[in-house]
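Student: Dumping the structure here so I can ask a few things about it.
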Amino acid sequence: MSTKSPSSACSDYNEISVACLNDLSKDIDYLRCENAKLRSVNDELIKLISSPTAFQGLATNGEIDFIATIININ
């Protein structure tokens, strides 16, 4: 039966910790990218809702009911 020295166990722990931190860093980068995309779409939706002409165009095409359903204002 082999036992690891304290320094070897510490080294293993550090390697695992670094691997976990690298994974978390990748997840954070992914979430930042997704957040940027959502902000962009949100900005476009705000412009659309703020534009009376565009809003009326949606209403005449029947699309406003669909949008209202999505944002639960119906």
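FYI, full-length UniProt numbering numbers position 46 of the sequence shown as 46, with every residue one higher than the one before it.
Glycine included, C-beta positions come from ideal geometry on N, C-alpha and C.
For L38 and I16, I'd like the C-alpha separation in whole angstroms.
Tutor: Distance between the alpha carbons of L38 and I16: 33 Å.
Student: In the structure shown, what three-state DSSP assignment does residue 77 receive?
Tutor: The chain is shown only over 1 to 74; residue 77 falls outside these bounds and no answer can be derived.
Student: What is the rounded straight-line gap between the Cα of V18 and the Cα of S8?
Tutor: So the two alpha carbons sit approximately 15 Å from each other.
Student: Tell me the DSSP secondary structure of K4 in three-state form.
Tutor: K4 falls in the coil class under three-state DSSP.
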